[in-house]
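First comes the structure, then the notes that go with it.
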Amino acid sequence: MATSSASSSKDPIIIAGAGPAGSLLALYLGQRHIPVVLLEKEASLPIDLRASTFHPPSLEMLDEVGLAGTMIAKGLVVDRYQYRDRKTNEVAEFNMQLIADETRFPFRLQLEQYEMTHLAQEKLKECPSVTMLFSHQLMSFEQDENGVTAIVQSPNGELRIAGSFVVGCEGASSNVRKSAGIGFGGFTYDEKFLVASTSFPFETVFDNLSYVNYVADPDEWCVILRTEKLWRVLWPTDPQETKQDKYLTDDYIQQRLQHLYAKEGDYHIGHRTLYNVHQRVAETYFNGRAILAGDSCHLNNPLGGMGMNGGLHDAFNLAQKLTAIMLEGAAYTPLFEQYNRQRKDLAVRFVQEHTIANKKLMESTDPDIQHQRQQHFMQTAADPIKAKAFIMERGMLNCVRESLLVE
11 MATSSASSSK DPIIIAGAGP AGSLLALYLG QRHIPVVLLE KEASLPIDLR
61 ASTFHPPSLE MLDEVGLAGT MIAKGLVVDR YQYRDRKTNE VAEFNMQLIA
111 DETRFPFRLQ LEQYEMTHLA QEKLKECPSV TMLFSHQLMS FEQDENGVTA
161 IVQSPNGELR IAGSFVVGCE GASSNVRKSA GIGFGGFTYD EKFLVASTSF
211 PFETVFDNLS YVNYVADPDE WCVILRTEKL WRVLWPTDPQ ETKQDKYLTD
261 DYIQQRLQHL YAKEGDYHIG HRTLYNVHQR VAETYFNGRA ILAGDSCHLN
311 NPLGGMGMNG GLHDAFNLAQ KLTAIMLEGA AYTPLFEQYN RQRKDLAVRF
361 VQEHTIANKK LMESTDPDIQ HQRQQHFMQT AADPIKAKAF IMERGMLNCV
411 RESLLVE
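Residue numbers (this note's numbering): 11 to 417.
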């Protein structure tokens, strides 16, 4: 069998990682009766504070596998978001109804990403061609022109699982990427981001507060957003601080929340997370029969909510190509090369450029730059044509559509 030929459909596609990208990929393939082995290293799907924004094109894709409706009923529909200046109290508001003629979902859905993966897990039970294995971690793999063999650590020791392809969806430390010998270039920011959640109703103390807000402040910028459960606040931290543990203490988080809005008594604090912030892209998204999606091949800072969404877009694009390979006998190498062009060369460049620019704009303490930034947002929001173009871009509709035009 030639390297670029179709694979035997009797061998399953092995997917490492049951996060958003891996879950969507497995569900799309499973609904088309394609054999899949989905490996998850944890004993159960985690419940933690990660991404919480689903952009319109992601909802379109999730609707294709029957998840969007349930997610929307469970989550918080946000059809406007704001850029706020704490010094001047100026607010630039973008109304997503301006894109109602472009998508069935003219809004951002605020929902914890674990809600999506848990819903997908339930739906996967309807797919007899999908085998999901918890407490199973892919350690490495071997491949030849006929298929792959995954070396998997399980509760019963090492297993070897034969497959047609292996897909790395297991995040930044991807063993699929490492085993495939694919580099992961880029950088890590010096500072970490702190995220904390609280039940305090910020909407009752800030005038006309939307559910998603990017707040410029001469002293300390932040992002304030609402999920279906709690308000969540993101702050940068000082990279020079030697005692990083202090950022997770009640005292420190109370100080930050009181700086945001001074109130009597302590805030209720829910989840809290301190995490490194990366900007990295894999040098290629595939090597032979091994292919990457999601955080395994790209990482970016969270400003704009593009990381998880980009991973979902990877998974959906790849799912369509794997379907053509497995069910129609299409040659895999040309399709993987096209995937690489569409998702790495175009889509990731967009995400990287925008998230890096978003961070630079947010963190500037120069009064002139802050003023210019806010005036730009105010003028853009006030012009329906410019505002629509801005929403199409930041909502990732443009980059998804443009990527699909790449041959």
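Glycine included, every Cβ here is placed at the ideal spot set by N, Cα and C.
Could you give the distance in angstroms between the alpha-carbon of residue i and the alpha-carbon of residue j?
{"i": "Gln120", "j": "Ser68", "result": "12 Å"}
{"i": "Arg96", "j": "Ala272", "result": "14 Å"}
{"i": "Thr159", "j": "Ile24", "result": "9 Å"}
{"i": "Val225", "j": "Trp231", "result": "6 Å"}
{"i": "Pro66", "j": "Arg114", "result": "8 Å"}
{"i": "Glu412", "j": "His364", "result": "16 Å"}
{"i": "Arg299", "j": "Glu74", "result": "26 Å"}
{"i": "Met406", "j": "Asn319", "result": "8 Å"}
{"i": "Asn223", "j": "His386", "result": "16 Å"}
{"i": "Lys20", "j": "Val416", "result": "31 Å"}
{"i": "Thr247", "j": "Tyr257", "result": "8 Å"}
{"i": "Asp217", "j": "Phe326", "result": "39 Å"}
{"i": "Leu302", "j": "Glu238", "result": "31 Å"}
{"i": "Leu143", "j": "Leu49", "result": "5 Å"}
{"i": "Pro228", "j": "Ala206", "result": "21 Å"}
{"i": "Gln382", "j": "Lys396", "result": "17 Å"}
{"i": "Tyr91", "j": "Gly157", "result": "47 Å"}
{"i": "Ser139", "j": "Ala102", "result": "49 Å"}
{"i": "Arg118", "j": "Ala110", "result": "12 Å"}
{"i": "Leu108", "j": "Arg94", "result": "20 Å"}
{"i": "Val47", "j": "Ile335", "result": "17 Å"}
{"i": "Arg282", "j": "Pro344", "result": "44 Å"}
Taking 6 Å as the limit between beta carbons, can you name the residues of its chain near residue i, skipping five residues before and five after?
{"i": "Ser33", "result": "Thr127, Ala130"}
{"i": "Cys307", "result": "Ala292, Tyr295"}
{"i": "Lys369", "result": "Asn311, Leu313"}
{"i": "Leu267", "result": "Tyr277"}
{"i": "His323", "result": "Val410"}
{"i": "Gln147", "result": "Lys51, Gln163"}
{"i": "Phe194", "result": "Arg290, Ala292"}
Spatial neighbours of residue i within its chain, please: C-beta separation below 7 Å, excluding the five flanking residues on both sides.
{"i": "Phe400", "result": "Phe104, Thr390"}
{"i": "Glu100", "result": "Gln384, Met388"}
{"i": "Glu213", "result": "Leu219"}
{"i": "Ser150", "result": "Ile161, Asn185, Ser189"}
{"i": "Asp154", "result": "none"}
{"i": "Asn297", "result": "Ala190, Gly191, Ile192"}
{"i": "Met372", "result": "Tyr224, Ala226, Trp231, Leu313"}
{"i": "Leu35", "result": "Ile25, Val177, Cys179, Ala303, Ala325, Leu328, Ala329"}
Using the three-state DSSP reduction, which class does residue i fall into: helix, strand or coil?
{"i": "Leu165", "result": "First, the amino acid is wrong: residue 165 is Pro here, not Leu. It is coil, neither helix nor strand."}
{"i": "Pro246", "result": "strand"}
{"i": "Leu48", "result": "strand"}
{"i": "Tyr342", "result": "helix"}
{"i": "Ser54", "result": "coil"}
{"i": "Gln385", "result": "helix"}
{"i": "Ser62", "result": "coil"}
{"i": "Gln362", "result": "helix"}
{"i": "Ala206", "result": "strand"}
{"i": "Met406", "result": "coil"}
{"i": "Asn218", "result": "coil"}
{"i": "Thr390", "result": "helix"}
{"i": "Ala28", "result": "coil"}
{"i": "Thr375", "result": "coil"}
{"i": "Leu235", "result": "strand"}
{"i": "Gln147", "result": "strand"}
Any beta-carbon of chain D closer than 8 Å to the one on residue i?
{"i": "Arg60", "result": "The displayed structure is made up of one protein chain only, and chain D is not part of it."}
So, at 8 Å on beta carbons, what are the nonlocal neighbours of residue i in its own chain, with the 5 sequence-adjacent residues on each side left out?
{"i": "Tyr124", "result": "Leu55, Pro56, Ile57, Asp58, Arg60"}
{"i": "Trp241", "result": "Ser207, Thr208, Ser209, Phe210, Pro211, Phe212, Ile234, Leu235"}
Say yes only if the C-beta of residue i is nearer than 7 Å to one or more non-hydrogen atoms of the ligand ADP, and no if none qualify.
{"i": "Glu155", "result": "The ligand ADP is not part of this structure, which contains no ligands at all."}
Jot down the residue ranges of each uninterrupted alpha helix (DSSP H) in the segment 253–318, minimum 4 residues, whole runs only, in chain order. DSSP runs (the alpha helix (DSSP H)) wholly in the segment 253–318: 260–270.
To test your reading of the DSSP string, which unbroken alpha helix (DSSP H) runs of 4 or more residues are found completely within the segment 151–198? Taking 4 residues as the shortest admissible run, the segment 151–198 contains the following complete alpha helix (DSSP H) segments, listed from N- to C-terminal end: 185–189.
The segment 164–177 contacting the segment 266–285, beta-carbon criterion three pairs below 8 Å: Too few Cβ pairs lie closer than 8 Å, so no.
Just list the beta strand (DSSP E) runs in the segment 86–137, keeping only unbroken ones of 3 residues or longer that don't cross its boundaries, in chain order. Listed in chain order, the complete beta strand (DSSP E) runs (minimum 3 residues) inside the segment 86–137 are 86–88, 90–95, 101–105, 118–120.
Check whether the segment 172–183 and the segment 71–86 touch, using three or more Cβ-Cβ pairs below 8 Å as the test. Judged by pairs of C-beta atoms under 8 Å, the segment 172–183 does not touch the segment 71–86, as fewer than three such pairs exist.
Cβ pair count under 8 Å reaching 3, the segment 76–87 against the segment 327–341: Verdict: no, contact absent.
Say whether the segment 347–360 touches the segment 200–212, bearing in mind that this needs 3 or more beta-carbon pairs closer than 8 Å, one atom from each stretch. Because the criterion of three Cβ pairs below 8 Å is not met, the segment 347–360 and the segment 200–212 do not touch.
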